[in-house]
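Peer 1: Here's a structure for you.
Numbering (my numbering), first residue to last: 132 to 661.
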């Protein structure tokens, strides 16, 4: 966005240094390139010969190309070179000798396979300071902090900022807080300001609507092309991650594959995925046959970055602009996209929470928060799992007890209202809340919840099960914190016996039980046993 504006500014600043002139050629329509090139030799351009207009088109084009091959310094602007065959088109029309310099504008990020070098200058969004300055040019009375809030809501996108600023300039009675409220209460891109209906024209005479600008790239993804179809599926899912936040390529790719979302033991992730009933569901039914090879995944992601629909954040991450996310959610008719993202987020959160390294959880948190916020109003099973995983990350990775508690409370309330008492999501909700209540000193309620979990797990999983051992261990820890050592000891011992039997004497969970029991014995003064 803004690439043509930058080219215009370049011409204004440096066009004077090209004695042979500046020639602006539109490459938007590949079928019209010959005519665009020919126009550069006519009466309003180089005036190559008096009878130029009477020459056949092929001869006009050849004459212009010969002139461009001369030593005279000229600046050629190849605008909107976005076609799928852009590299070969550029090779066809770029002068191979002479004094011409070529500045091209394109949504493409790569220019592979050319015998010459193309230096790319990617146009990102504006900085916070640049965004504020732009908005204040339209309305000097804006409070800087409010301007910053609007810029953040628009993702610092130059076109959106220009349209919003023009709207606020035209309608002086509209306050910025009121305008922000309007944007948040409707489909943002459908607001009159971002449709461009409130301004006469842009300085570049290009498309004024943010949505229609996005559509120019989105519509290039052909449904009958397997890679484009995969790209559409990936984009539809990217729109359900946290807008504007970097996300790992592996997370996104996991949403369109039946494989494990990360390379981890099947017993951990597979169990979580199976709870959703679609851990290995193919996307074929609603997307058509999607390519599944690593090469196809790479090509589809590259296709999206080439079209400017995804931004590459290094080699391992990508991001989707927040306004593009709004657009894609409105355009993509993929009913499984959100569910696929939620499924993968739950599984990855389970794995990273289990790993127990805060630095590994932090990149996931924005996406887990976003998905949980979207899911909770549905009050369904997936919302329960998301709330539990986010709550666990906040409680155990960040020690954010205040943030975790309402999530645990909501998860338990939803599961008790919509799921059976022995559902895994219900027991996990009770266990997590009980553990947090213990830390916060609410021992009575915590004990009741732990005892309920133990009862359910004994009935559904059996006495000899690792989850039963975990519940016994948790209740013992609660009793230990209260100084009820005699009640805690048999629970610790039972948990240890189960873990030895099921997991073996050298498993980390068995070691945890040994450590817990030793701590209790030490507190009781039984030093030799400890």
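For every residue, glycine included, the Cβ atom is placed at its ideal position computed from N, Cα and C.
For residue 209, which beta-bridge partners are listed by DSSP?
Peer 2: Its beta-bridge partners are 156, 235.
Peer 1: Can the beta-carbon of residue 267 be found closer than 8 Å to that of residue 282?
Peer 2: For residue 267 and residue 282, no; Cβs fall outside 8 Å.
Peer 1: Tell me the rounded alpha-carbon separation between residue 638 and residue 364.
Peer 2: Using only the alpha carbons, I get a separation of about 41 Å.
Peer 1: Contact defined as beta carbons within less than 8 Å: I believe residue 551 pairs with residue 502. What is the distance between those atoms, to the nearest angstrom?
Peer 2: That belief does not hold up - the Cβ atoms of residue 551 and residue 502 are roughly 24 Å apart, past 8 Å.
Peer 1: Is residue 567 near residue 611, with beta carbons less than 8 Å apart?
Peer 2: Result no, Cβ atoms of residue 567 and residue 611 do not sit closer than 8 Å.
Peer 1: Given 8 Å as the limit, is there contact between the region 449-458 and the region 493-501, that is, 3 or more CB pairs closer than that?
Peer 2: Short answer: they don't touch.
Peer 1: Within a Cβ cutoff of 6 Å, which residues of the same chain sit near residue 201, ignoring the five residues on either side of it in sequence?
Peer 2: Excluding sequence neighbours, residue 201 sits near 229.
Peer 1: Tell me the DSSP secondary structure of residue 378 in three-state form.
Peer 2: Strand.
Peer 1: Can you look up residue 340 in the DSSP assignment and give me helix, strand or coil?
Peer 2: Residue 340 falls in the coil class under three-state DSSP.
Peer 1: Along the beta strand (DSSP E) that carries residue 442, what are the first and last residues, could you check?
Peer 2: That run of the beta strand (DSSP E) goes 442-444.
Peer 1: Spatial neighbours of residue 625 within its chain, please: CB distance less than 6 Å, with the 5 preceding and 5 following residues excluded, ordered by chain position.
Peer 2: So the list reads 603, once near-sequence residues are dropped.
Peer 1: Going by C-alpha distance, which of 598, 659, 657, 488 is nearest residue 641?
Peer 2: Ranking 598, 659, 657, 488 by Cα distance to residue 641 puts 598 first.
Peer 1: Hey, how far is the Cα of residue 660 from the Cα of residue 585?
Peer 2: Straight-line Cα distance between these residues: approximately 27 Å.
Peer 1: Whole angstroms are fine: how far does the CA of residue 257 sit from the CA of residue 205?
Peer 2: The alpha-carbon atoms of residue 205 and residue 257 are separated by roughly 31 Å.
Peer 1: Please name the residue, chosen from 193, 319, 264, 254, that lies closest to residue 284 on a Cα-to-Cα basis.
Peer 2: Ranking the options by Cα distance to residue 284, first place goes to 319.
Peer 1: Assuming residue 518 contacts residue 538 (C-beta within less than 8 Å), just tell me the rounded distance between them.
Peer 2: Residue 518 to residue 538, Cβ: 4 Å. Contact.
Peer 1: Does the beta-carbon of residue 298 have 16 or more other beta-carbons within 10 angstroms, so that it is buried, or is it exposed?
Peer 2: Buried: at least 16 other Cβ atoms inside 10 Å.
Peer 1: Applying the criterion that 16 or more other CB atoms from any shown protein chain within 10 Å of the CB defines a buried residue, is residue 646 buried or exposed?
Peer 2: Looking at its Cβ environment, which holds fewer than 16 other Cβ atoms inside 10 Å, residue 646 is exposed.
Peer 1: Roughly how many angstroms separate the alpha carbons of residue 534 and residue 570, rounded to a whole number?
Peer 2: Between residue 534 and residue 570, the C-alpha separation is close to 14 Å.
Peer 1: Please return the same chain residues whose Cβ sits closer than 7 Å to the Cβ of residue 456, not counting the five positions on each side in sequence.
Peer 2: Excluding positions up to five away in sequence, the list reads 370, 374.
Peer 1: Skipping 5 residues on each side, what residues in its chain have a beta carbon closer than 6 Å to that of residue 357?
Peer 2: Excluding positions up to five away in sequence, the list reads 422.
Peer 1: For residue 185, which of helix, strand or coil comes out of DSSP?
Peer 2: Residue 185: helix per DSSP, three-state reduction.
Peer 1: Based on the DSSP secondary-structure assignment, which residues constitute the bridge partners of residue 448?
Peer 2: The partner list for residue 448 (beta bridge, DSSP) reads 379, 444.
Peer 1: Assign residue 203 to one of three DSSP states: helix, strand, or coil.
Peer 2: DSSP places residue 203 in coil when its eight states are reduced to three.
Peer 1: In angstroms, rounded to a whole number, what distance separates the CA positions of residue 378 and residue 236?
Peer 2: If you take the alpha carbons of residue 378 and residue 236, they lie about 28 Å apart.
Peer 1: List in chain order: all unbroken alpha helix (DSSP H) runs of 4+ residues lying wholly within the region 466-506.
Peer 2: Those alpha helix (DSSP H) runs which fall completely within the region 466-506 and span 4+ residues are 468-486, 489-492, 496-506.
Peer 1: By Cβ distance below 7 Å, which residues in the same chain neighbour residue 225 in space, the five residues on each side in sequence not counted?
Peer 2: Around residue 225: 233.
Peer 1: In three-state terms, what does DSSP make of residue 176?
Peer 2: Coil, per DSSP.
Peer 1: If we ignore side chains and look at the alpha-carbon of each, how far apart do residue 515 and residue 549 end up?
Peer 2: Spanning the two alpha carbons is a distance of roughly 10 Å.
Peer 1: Could you check the C-alpha separation between residue 447 and residue 286 for me, to the nearest Å?
Peer 2: Taking the straight line from one Cα to the other gives about 22 Å.
Peer 1: Please report the straight-line C-alpha distance between residue 383 and residue 171, rounded to a whole angstrom.
Peer 2: Looking at the two C-alpha atoms, the distance is approximately 46 Å.
Peer 1: Check whether the Cβ atoms of residue 582 and residue 601 sit closer than 8 Å, and answer yes or no.
Peer 2: Cβ distance not < 8 Å, so residue 582 and residue 601 don't count as in contact.
Peer 1: Given this structure, state the Cα-to-Cα distance separating residue 590 from residue 633, to the nearest angstrom.
Peer 2: The straight-line gap from Cα to Cα measures roughly 18 Å.
Peer 1: Could you have a look at residue 631 and say whether DSSP puts it in helix, strand or coil?
Peer 2: Residue 631 falls in the helix class under three-state DSSP.
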